[in-house]
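**Student:** Following this message is one structure expressed as structure tokens.
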Amino acid sequence: MSATHKHTNHLAREKSPYLLQHAHNPVDWFAWGEAAFAKARAERKPILLSIGYSTCHWCHVMERESFEDEKIGAFLREHFVSIKVDREERPDVDKIYMTFVQSTTGSGGWPLNVFLTPDLKPFFGGTYFPPENRHGRPSFLQLLQQVAGLWRERQLEIGASADELHARLELITAREAGDAPPLTPEILRHAAAMFKEAHDPVNGGFGGAPKFPQPSLPSLLLRTAKRFNDPTASSMVLHTCQRMAAGGIHDQLGGGFARYAVDAEWLVPHFEKMLYDNAQLVHLYLDAFLTSGNKHHADTARDILDYVLRDMTHPGGGFYSAEDADSEGQEGKFYCWTHDELSKLLSPEEFIVTAEHFGITKPGNFVDHSHPNPLPGLNVLSLVKPGTAADLPLLTSAKQKMLAVRAQRVRPHLDDKILASWNGLMLGAFARAAAVLGEEKYRAAAEKNLQFIWENLWQSPLPPGGEGQGEGAALKNKRGVLYHRWRDGERDNVQLLEAYAFLLDGVIHLYEATLNPPHLDFACELAAAMIAKFHDPANGGFWQSPAGTNDLILRVKDDYDGAEPSGNSVATLALLKLAAITGREDFRAPAESTLQLAAGRLQKQPAALAYMLQALDFWLDEPRRVVIAGDSTSAKFKELLHAAHSVYQPNKIILGTSSAVEPFAKTLTAKEAAAVYVCLGTACQLPTSEPAKVRSLIK
Numbered sequence: 009m010s011a012t013h014k015h016t017n018h019l020a021r022e023k024s025p026y027l028l029q030h031a032h033n034p035v036d037w038f039a040w041g042e043a044a045f046a047k048a049r050a051e052r053k054p055i056l057l058s059i060g061y062s063t064c065h066w067c068h069v070m071e072r073e074s075f076e077d078e079k080i081g082a083f084l085r086e087h088f089v090s091i092k093v094d095r096e097e098r099p100d101v102d103k104i105y106m107t108f109v110q111s112t113t114g115s116g117g118w119p120l121n122v123f124l125t126p127d128l129k130p131f132f133g134g135t136y137f138p139p140e141n142r143h144g145r146p147s148f149l150q151l152l153q154q155v156a157g158l159w160r161e162r163q164l165e166i167g168a169s170a171d172e173l174h175a176r177l178e179l180i181t182a183r184e185a186g187d188a189p190p191l192t193p194e195i196l197r198h199a200a201a202m203f204k205e206a207h208d209p210v211n212g213g214f215g216g217a218p219k220f221p222q223p224s225l226p227s228l229l230l231r232t233a234k235r236f237n238d239p240t241a242s243s244m245v246l247h248t249c250q251r252m253a254a255g256g257i258h259d260q261l262g263g264g265f266a267r268y269a270v271d272a273e274w275l276v277p278h279f280e281k282m283l284y285d286n287a288q289l290v291h292l293y294l295d296a297f298l299t300s301g302n303k304h305h306a307d308t309a310r311d312i313l314d315y316v317l318r319d320m321t322h323p324g325g326g327f328y329s330a331e332d333a334d335s336e337g338q339e340g341k342f343y344c345w346t347h348d349e350l351s352k353l354l355s356p357e358e359f360i361v362t363a364e365h366f367g368i369t370k371p372g373n374f375v376d377h378s379h380p381n382p383l384p385g386l387n388v389l390s391l392v393k394p395g396t397a398a399d400l401p402l403l404t405s406a407k408q409k410m411l412a413v414r415a416q417r418v419r420p421h422l423d424d425k426i427l428a429s430w431n432g433l434m435l436g437a438f439a440r441a442a443a444v445l446g447e448e449k450y451r452a453a454a455e456k457n458l459q460f461i462w463e464n465l466w467q468s469p470l471p472p473g474g475e476g477q478g479e480g481a482a483l484k485n486k487r488g489v490l491y492h493r494w495r496d497g498e499r500d501n502v503q504l505l506e507a508y509a510f511l512l513d514g515v516i517h518l519y520e521a522t523l524n525p526p527h528l529d530f531a532c533e534l535a536a537a538m539i540a541k542f543h544d545p546a547n548g549g550f551w552q553s554p555a556g557t558n559d560l561i562l563r564v565k566d567d568y569d570g571a572e573p574s575g576n577s578v579a580t581l582a583l584l585k586l587a588a589i590t591g592r593e594d595f596r597a598p599a600e601s602t603l604q605l606a607a608g609r610l611q612k613q614p615a616a617l618a619y620m621l622q623a624l625d626f627w628l629d630e631p632r633r634v635v636i637a638g639d640s641t642s643a644k645f646k647e648l649l650h651a652a653h654s655v656y657q658p659n660k661i662i663l664g665t666s667s668a669v670e671p672f673a674k675t676l677t678a679k680e681a682a683a684v685y686v687c688l689g690t691a692c693q694l695p696t697s698e699p700a701k702v703r704s705l706i707k
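Numbers 9 to 707, taken from the numbering used here, label the letters of the sequence shown in order.
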């Protein structure tokens, strides 16, 4: 695109990096909102709703092929009102129209392109459409011509069909309490058996290519391995962690994981890196480390966190959303190496060891098939041959040289918006890693991140009698409000369940890692606000958006744990943990009703709710309560806190003795600087100040 833009559309005023990427298309794009809806109603035009995100490779391909095409731009301007949505900013909008496309075509993905009536009801949709007829699919322009012709000639029929499809969509998304099967350990046993069947014994992972890490699934298997004393399940997960860390999906030089691998071996990734994947993988690798004692898993967790601190952190402490797969229009160009390039860069000794270690060959192992002129001979780095002790100095010096050269390359695009939801997940990952690994810099990053969210995305509730001032007056707000997106000095006005739930999860991890009472107070405030705004007291479960969100045709309960866990699953486990820490029934009851609502799906489709199954595992038994009493500033207190975190025991909670904790814990005291009580119900073991004793009691 030239520096002087021939076209500028309504997206130029937006904050989303994805929308800004489309601000100079010849398409007259609008953002999702009343201006676009009013135009469609006034002109009786159908809407083209196109949903994607800034690091989506096929979104870039479709933009290059179709949305930058003058002819397509002109046709859309004449016959449609065109709307762009960043799915990361508005997952609630995406969920509705993705469900429609999946239910009518059998598959979904991004870019998502859906045609709507002026009252936002979908009548036809799909994902990527090619610029010319391909594999029996019409070209995008032909499709637009067909839809425009149908709208012109059969508008009433399309309207009636959209109403019928809308009614079907309501049925598909309705989650009402029915005759739920009992919630028993058998549900977990059945799920574990299914997941074990899908395990790839050669490469690790579950299922075939393309392979997603899906951390919820191996995390659940580790829980069931502990519950049912199943070493086979445990070894499958550890094997998976080892193979993923050795694969090209793991950035061997810079740290962090890509979104998925296109093959079964984890070799060639789809190179985009997402904050939510990396946050969940930190927890998985910490679990793998605690289960096995293998330091390599701890190193992989550190590797992810150090990458986030270096490349994905705003100076104020917020975490950015994602990095793209493409740079200079070529997928993977930033990450890959040719044989010749490395043989010139490294000394002969370094090159021999490095080429063997990372599997570098002249033909290479990766081709960007989506590009008209792919680069030849590219190698994705993966660990093919472990280095010996003698190789280590050569490998270290080679990696330093490679990193220095890579730092000079054009970096992939950074999506620098800051989402409360994904920040909550990464905040929890930093907090827990600080406690498990004893790394102070990770605790500082978690605290700074929470401070950033408080300052930029959280609006505190009004004090009593404070309704008369400014913004607060309009809100009449008895509870705090968490907004979803901040970028470039500005926040949005969107509230989402996943923002509240994921941040609640993160703050509970931060409380357990520090036992700092204000963190527990904030967790309680956040939980109460989430329940008030999103919980469905009639049927159980949580709505994705609050009542009165006027730009949605449906209220949906998101209950699919895919690459990202669902808001319902994360809310359920977080509330169960918070209820155990505080003894508050008003936190436990909504979580239990959500488990009851999900019971049928947990039994029939466990792979769709792997994170919710973790909540079930927690709920089935009384958790171990690890109460640490005494002077929280003392070295002994910190030593005991670290010991409490250094055992794999997923169904435990760690708490102090401050005012917000459950009444029994408040009565416990320490004779020395600090002591630990390990309790089940109201029965506690004798207090101890010995870290080794703490670990054995928790096990």
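Even glycine gets a Cβ: it sits at the ideal position worked out from N, Cα and C.
Every value quoted in this text rests on a predicted model; they were computed, and no experiment measured them.
Just the C-alpha distance for Ala439 and Leu433, rounded to the nearest angstrom, thanks.
**Tutor:** About 10 Å.
**Student:** Go ahead and label Leu504 buried or exposed: buried means 16 or more other beta carbons lie within 10 angstroms of its beta carbon, across all protein chains shown.
**Tutor:** Buried, by the Cβ-count rule.
**Student:** Are there 16 or more other CB atoms within 10 angstroms of the CB of Arg632, so buried, or fewer, so exposed?
**Tutor:** Classification of Arg632: buried, given that the 10 Å Cβ count is 16 or more.
**Student:** State yes or no: is the C-beta of Ala582 within less than 9 Å of the C-beta of Asp513?
**Tutor:** The answer is yes: Cβ separation under 9 Å.
**Student:** Counting Cβ pairs, one atom from each stretch, are 3 or more of them under 8 Å apart for the stretch 524 to 537 and the stretch 663 to 671?
**Tutor:** Yes: the two stretches touch, three or more of their Cβ pairs being nearer than 8 Å.
**Student:** What residues in its chain sit with their C-beta under 6 Å from that of Asp311, if we drop five residues either side in the sequence?
**Tutor:** If we look at Asp311 and ignore the five residues flanking it on each side, its Cβ neighbours are Gly263.
**Student:** Which ranges does the alpha helix (DSSP H) cover as unbroken runs of at least 4 residues, wholly within the stretch 129 to 208, from first to last along the chain?
**Tutor:** Entirely contained in the stretch 129 to 208, the alpha helix (DSSP H) runs reaching 4 residues are, in chain order, 148 to 161, 163 to 181, 193 to 205.
**Student:** Use the C-beta contact count for Ala397: other C-beta atoms within 10 angstroms, 16 or more gives buried, fewer gives exposed.
**Tutor:** Looking at its Cβ environment, which holds fewer than 16 other Cβ atoms inside 10 Å, Ala397 is exposed.
**Student:** Taking contact to mean 3 or more Cβ pairs, one atom from each stretch, closer than 8 Å, check whether the stretch 367 to 384 and the stretch 401 to 412 are in contact.
**Tutor:** No, the stretch 367 to 384 is not in contact with the stretch 401 to 412.
**Student:** Which stretch, first to last residue, makes up the alpha helix (DSSP H) that contains Phe595?
**Tutor:** Taken as a continuous stretch (DSSP letters only), the alpha helix (DSSP H) holding Phe595 covers 593 to 612.
**Student:** Less than 6 Å between C-beta atoms, sequence neighbours within five positions excluded: which residues of the same chain meet that for Val758?
**Tutor:** Outside the displayed range of the chain (9 to 707) lies residue 758, so it cannot be described from this structure.
**Student:** Only counting the same chain, and skipping five residues up and downstream in sequence, which positions put a Cβ closer than 7 Å to that of Thr677?
**Tutor:** Closer than 7 Å at the Cβ level, and outside the excluded window around Thr677, lie Ala637.
**Student:** Considering Arg451, what are the terminal residues of the alpha helix (DSSP H) in which it resides?
**Tutor:** Counting along the chain, the alpha helix (DSSP H) containing Arg451 begins and ends at 448 to 464.
**Student:** Report the option in Arg417, Gly215, Lys204 whose CA atom is closest to the CA atom of Thr232.
**Tutor:** Ranking Arg417, Gly215, Lys204 by Cα distance to Thr232 puts Lys204 first.
**Student:** Give the DSSP-derived three-state secondary structure of Asp295 in the structure shown.
**Tutor:** Reduced to three states, the DSSP call for Asp295 is helix.
**Student:** Can you list the beta strand (DSSP E) stretches of 3 or more residues lying completely in the stretch 61 to 122, in chain order?
**Tutor:** Those beta strand (DSSP E) runs which fall completely within the stretch 61 to 122 and span 3+ residues are 89 to 94.
**Student:** Between the alpha carbons of Leu523 and Tyr508, how many angstroms are there, rounded?
**Tutor:** Their Cα atoms are separated by approximately 21 Å.
**Student:** May I ask you to report which of helix, strand or coil DSSP gives Ala537?
**Tutor:** Looking at Ala537 - three-state DSSP - the assignment turns out to be helix.
**Student:** Using the rule of at least 16 other Cβ atoms within 10 Å of the residue's Cβ for burial, across every protein chain shown, is Asp187 buried or exposed?
**Tutor:** Exposed, by the Cβ-count rule.
**Student:** Within the same chain, show all residues whose beta-carbon is closer than 8 Å to that of Leu483, passing over the 5 residues directly before and after it, in chain order.
**Tutor:** Low local confidence applies: a pLDDT of 43 at Leu483 is under 50, so the model's placement there is unreliable, and no value is given.
**Student:** Inspect the beta-carbon positions of Phe83 and Ala175 and report whether they are closer than 9 Å.
**Tutor:** For Phe83 and Ala175, no; Cβs fall outside 9 Å.
**Student:** Go ahead and pull the three-state DSSP assignment for Thr396.
**Tutor:** DSSP places Thr396 in coil when its eight states are reduced to three.
**Student:** Grab me the residues of Ala170's own chain with a C-beta within less than 6 Å of its C-beta, minus the 5 sequence neighbours each way, in chain order.
**Tutor:** Here the set comprises Thr125, Lys129, Phe131.
**Student:** Can you name, in chain order, every residue of its own chain whose Cβ lies under 6 Å from the Cβ of Val684, other than the five neighbours on each side?
**Tutor:** Correct list, in chain order: Ile636, Leu648, Thr696, Val702.
**Student:** May I ask you to report which of helix, strand or coil DSSP gives Gly689?
**Tutor:** Coil.
**Student:** Identify the residues that DSSP records as bridge partners of Phe374: which are they?
**Tutor:** Leu386, per the DSSP bridge assignment.
**Student:** To the nearest angstrom, how far is it from the Cα of Leu120 to the Cα of Lys92?
**Tutor:** Their Cα atoms are separated by approximately 10 Å.
**Student:** Can you give me the start and stop residues for the beta strand (DSSP E) that Gly213 sits inside?
**Tutor:** Per DSSP, Gly213 belongs to no beta strand (DSSP E) and is neither H nor E.
**Student:** Residue range of the beta strand (DSSP E) that Ala39 falls in?
**Tutor:** Where Ala39 is concerned, the enclosing beta strand (DSSP E) stretches over 37 to 39.
**Student:** If you draw a straight line from the C-alpha of Pro190 to the C-alpha of Trp430, how long is it?
**Tutor:** So the alpha carbons of these two residues sit roughly 33 Å apart.
**Student:** Could you check which residue in Leu694, His305, Gly301, Gln338 has the C-alpha nearest to that of His291?
**Tutor:** Of the listed residues, the one whose Cα sits closest to His291 is His305.
**Student:** Counting C-beta neighbours from all protein chains within 10 Å, is the total for Thr113 16 or more, i.e. buried, or is it exposed?
**Tutor:** Exposed: under 16 other Cβ atoms inside 10 Å.
**Student:** Which runs of the alpha helix (DSSP H), 4 residues or longer, sit entirely within the stretch 499 to 581?
**Tutor:** Runs found: 505 to 522, 525 to 542.
**Student:** Would you please state the rounded distance, in angstroms, between the beta carbons of Leu688 and Glu593? I believe it to be under 8 Å.
**Tutor:** Not confirmed; about 19 Å, so no contact.
**Student:** DSSP has Gln338 in a bridge; who is on the other side?
**Tutor:** According to DSSP, Gln338 bridges with Ser335.
**Student:** Using C-beta distances below 6 Å, list every residue in its chain close to Asp399, excluding the 5 sequence neighbours before and after it, in chain order.
**Tutor:** Taken in chain order, the residues that qualify are Val361.
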